[in-house]
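Notes follow the structure.
Residue numbers (my numbering), protein chains in the order written: chain H, 3 to 283; chain F, 1327 to 1503.
Structural data, given as structure tokens:
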């Protein structure tokens, strides 16, 4: 059986009384997006560590517990390990080229040496990922899906696109339930997606699950669209939202800090003449 | 954006939800630790039905949600997914599935359009941006890109075509009584 059965505990909002929960949805979205862009641009080690710290603070302030993210945590660690191994296997001397220096620590075999530069480069790659990780997890943990569309709209996204995002979040659980029902029905009829079946019949089996899902989703689209049309969706240029928190001082200052974090990223890269902090120079 | 019909807005939402679920929960094992996922077949399907803007937004929303649920947005690949949706939607404007006509000609243009979209996305955009933005080693990103291109294009061509053909047969032909 595919890994369909695993519960999606990761994307769930948990209502709590915390500072992060009390923030406006737009703020949390701005923080997550800005942090991911800031961490994407810079390779400055100290700045990455600072972003990691800020991101971790958010996790603590949201009163999130590590045990809430056990399943997804293992996945993420595995992905990070695979990414690191892939980089090393395919480009073991990449760090040496980047930092223009070579400090050999050990020789494994063939062309594979362990160099301080490569280790430092891969440490930075991992830090980039770890800087975004807590903020992304907290974002779903602490943002009420019902407030989502309103927050996107506050950030300047057109309300039709914002509404599409909120529809996606609204219908993920419904479609997932339907998906698992169809999947079980088809398995009862002998559809096998596991390694026991031939690849061609696995793909055929997947289609036999997908097709009913698509056809019923098209009906669902018609029903929702009609209901929205009847209520006059898209008639006016702007709209108001039922769940919209007003922006407070904390929101404004955190959004400003998030935008600033991108600016610092860019500034560090320009000022140093390179995106990399080079301790070997 | 302003001219999107209500139906297209809803299709974007539902399409992104399906994209996310398929990326996250339906994978077909190929061999050790390698899986085929079907979200791009559905992206191609919705792009062909609802056009380039819908394709673009489904690629964007679906991929960002998937990435966030794994704990971090990898922007270069998000942009590549967005491009897949937009390019295939743009190239498939002429295929009229809603009217029940999806013959071998429709299948050929769907496969051709998907080839162009996935080629541009996984062989140019994703590895290019990985090097530009993330400074990853080029040998690694091109191997990753080639693998993504192969898997995603093949599943889109096979499964997407099957889906479109089957869906078209459930529609009433516009010129038949």
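Glycine included, C-beta positions come from ideal geometry on N, C-alpha and C. Just so you know, these numbers come straight off a predicted model, no measurement behind them.
### Query
List, in order along the chain, the chain H residues whose C-beta lies closer than 8 Å to that of residue 1431/F?
Contact annotation for residue 1431/F against chain H: no contact, minimum CB-CB distance about 21 Å [criterion: below 8 Å].
#### Entry: Residues of its chain near residue 1392/F, where Cβ-Cβ distance is below 7 Å and the 5 sequence neighbours each way are ignored
1346, 1349 and 1350
### Task
Spatial neighbours of residue 1387/F within its chain, please: CB distance less than 6 Å, with the 5 preceding and 5 following residues excluded, ordered by chain position.
1342
### Message
Buried or exposed, going by whether 16 or more other CB atoms sit within 10 Å of the CB of residue 21/H?
### Response
Using a 10 angstroms sphere on the CB of residue 21/H, the tally of other CB atoms stays under 16, which defines it as exposed.
### Task
Assign residue 7/H to one of three DSSP states: helix, strand, or coil.
Because the pLDDT at residue 7/H is just 36, under 50, the model does not fix this residue reliably, and the value given afterwards should be weighed accordingly. Correct three-state label for residue 7/H: helix.
### Task
Identify the continuous alpha helix (DSSP H) that holds residue 137/H and give its terminal residues.
118 to 144
### Message
Check whether the stretch 1405 to 1417 of chain F and the stretch 28 to 46 of chain H are in contact - that is, three or more C-beta pairs closer than 8 Å.
### Response
no
### Query
Any C-beta of chain F sitting closer than 7 Å to the C-beta of residue 167/H?
yes
### Query
Does any C-beta atom of chain H lie closer than 7 Å to the C-beta of residue 1340/F?
yes
#### Entry: Per-residue DSSP class, three states only, for residue 1416/F
Of the three classes helix, strand and coil, the one that applies to residue 1416/F here is helix, per DSSP.
### Task
Tell me whether the beta-carbon of residue 1353/F lies closer than 7 Å to the beta-carbon of residue 1361/F.
Their beta carbons are under 7 Å apart, which means residue 1353/F touches residue 1361/F by this criterion.
### Message
Extract the residue ranges of the alpha helix (DSSP H) inside the stretch 137 to 192 of chain H, only unbroken runs of 4 or more that lie entirely within it.
### Response
For secondary structure counted as the alpha helix (DSSP H) over 4 or more consecutive residues, the stretch 137 to 192 of chain H holds these complete runs in sequence order: 147 to 156 and 161 to 190.
### Task
Mind listing the chain F neighbours of residue 236/H? Cutoff is C-beta to C-beta under 7 Å, in chain order.
1332
### Query
Mind checking residue 24/H: buried by the 16 CB within 10 Å criterion, or exposed?
exposed
### Message
Is there a Cβ of chain F sitting closer than 7 Å to that of residue 209/H, yes or no?
### Response
yes
#### Entry: Collapsed DSSP secondary structure at residue 262/H in the structure displayed
helix
### Task
Spell out whether any CB of chain F is found under 7 Å from the CB atom of residue 82/H.
no
### Query
Taking any Cβ of chain C, which residues in the stretch 1463 to 1481 of chain F have a Cβ under 7 Å from it, in chain order?
The structure shown contains no chain C; its protein chains are H and F.
### Message
Would residue 170/H pass as an interface residue toward chain F - the criterion being a Cβ-Cβ separation below 7 Å?
### Response
yes
### Task
Measure from the C-beta of residue 1397/F to each C-beta in chain H and report whether the shortest distance is under 7 Å.
Interface residue, yes.
### Query
Any Cβ of chain H within less than 7 Å of the Cβ of residue 1437/F?
no
### Cβ-based burial, residue 1385/F [other Cβ within 10 Å; buried from 16]
Result: buried.
### Query
Is there a Cβ from chain F that is less than 7 Å from the Cβ of residue 54/H?
Chain F, which has no Cβ nearer than 7 Å to the Cβ of residue 54/H, makes this no.
### Message
Using the Cβ count rule (16 or more neighbours within 10 Å means buried), how would you classify residue 237/H?
### Response
Residue 237/H counts as exposed, since fewer than 16 other beta carbons sit within 10 angstroms of its beta carbon.
### Query
Which residue comes first and which comes last in the alpha helix (DSSP H) that contains residue 1330/F?
Per DSSP, residue 1330/F belongs to no alpha helix (DSSP H) and is neither H nor E.
### Paired residues, beta bridge with residue 109/H - DSSP
115/H
### Task
Provide the residue span of the alpha helix (DSSP H) that contains residue 250/H, from first to last.
For residue 250/H, there is no enclosing alpha helix (DSSP H), since its DSSP letter is neither H nor E.
### Query
In chain F, which residues lie with their C-beta within 9 Å of the C-beta of residue 74/H?
1395, 1396 and 1397
### Query
If you measure beta-carbon to beta-carbon, which residues of the stretch 217 to 250 of chain H are closer than 7 Å to chain F?
217, 219, 222, 223, 226, 227, 230, 231, 235 and 236
### Query
Taking the C-alpha atoms as reference points, what is the distance between residue 90/H and residue 120/H?
8 Å
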